[in-house]
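Visitor: One structure follows; several queries about it will come next.
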Amino acid sequence: MREKLKRAQAVFLADFRGMNVEKATTLRNELRAAAVDYKVFKNSLLELAAKETDFECLQPYLAGPTAVAISYDDPVAAAKVLSKFAKVPQGAFVLKAGVLSGKLLDVAQIQALADLPSREVLLAKMLGSLQAPATNFVGVLAAIPGSFVRVLDAIRAKKEGN
């Protein structure tokens, strides 16, 4: 567990009391698809594993049944799946806290993380922003010869009219 925590970008804790097997299986499958490890550990073992890591700050939240979601690549994807299950009205799955890059996150901050666009969308937006000036520059350069031709045509038409 300590090795997993050392490799993790983000860790989220949740209380899963009252979740039926079907919902728990769906949650595990969605987290697996998002490349997130989801396990249930004894709180005392998790506390020992978290000592002297960035995740030691989670100690106050290690009470009651605790499920741990560990994200190695994309913490936003993990937060999206977890907060979707936490929104289910029956309250069978409750987020407790999380840690992202050594910073403790409360439930509201995890929800804000989940509301971010995915990594692919952010990269596409950035690429579009980088591409826009070049596209505009090409448009201006293409318009110059067209404008020049229209001016010459207007001069020709004026001379023919006289």
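Each residue of the sequence shown is one higher than the last, beginning at 0 in numbering that gives the first Met the number 0. The C-beta atom is built at its ideal place from N, Cα and C for all residues, glycine as well. Here the structure is a predicted model, which means the values were calculated and not measured.
1) In angstroms with no decimal places, state the Cα-to-Cα distance between Ala13 and Val67.
2) Among the candidates Thr52, Phe84, Pro144, whose CA atom is the shortest distance from the CA of Ala9?
3) The alpha helix (DSSP H) with Gly97 in it runs from where to where?
4) Give me whichever residues DSSP pairs with Ile109 in a beta bridge.
5) In chain order, what residues of the same chain have a beta carbon less than 7 Å from the beta carbon of Asp105, not counting five sequence neighbours either side?
6) Determine the closest residue to Lys50 out of Ile69, Val93, Arg1, with distance taken between C-alpha atoms.
7) Quick one: complete beta strand (DSSP E) runs, 3+ long, within the region 49 to 79?
8) Could you spell out where the alpha helix (DSSP H) holding Asp152 opens and where it closes?
9) Would you grab the beta carbon distance between Ile109 and Ser146 for me? Rounded to a whole angstrom, and I think it's under 8 Å.
10) If we count Cβ pairs, one from each stretch, closer than 8 Å, do we get three or more for the region 52 to 66 versus the region 123 to 133?
11) By how many angstroms is the C-alpha of Ala113 removed from the C-alpha of Pro59?
12) Taking 7 Å as the limit between beta carbons, can you name the residues of its chain near Asn42, skipping five residues before and five after?
13) How many angstroms separate the CA atom of Ala23 from the CA atom of Ala77?
Guide: This is what the structure holds:
1) 7 Å
2) Thr52
3) Gly97 -> not in any alpha helix (DSSP H); beta strand (DSSP E) instead, spanning 93 to 99.
4) Per DSSP, none; premise fails for Ile109.
5) Ala96
6) Arg1
7) 66 to 70
8) Judged by DSSP secondary structure, Asp152 falls within the alpha helix (DSSP H) whose first and last residues are 118 to 160.
9) Here Ile109 is actually not in contact with Ser146; their C-beta atoms are around 55 Å apart, not less than 8 Å.
10) no
11) Answer to the nearest angstrom: the Cα atoms are 23 Å apart.
12) Leu61, Ala62, Thr65
13) 15 Å
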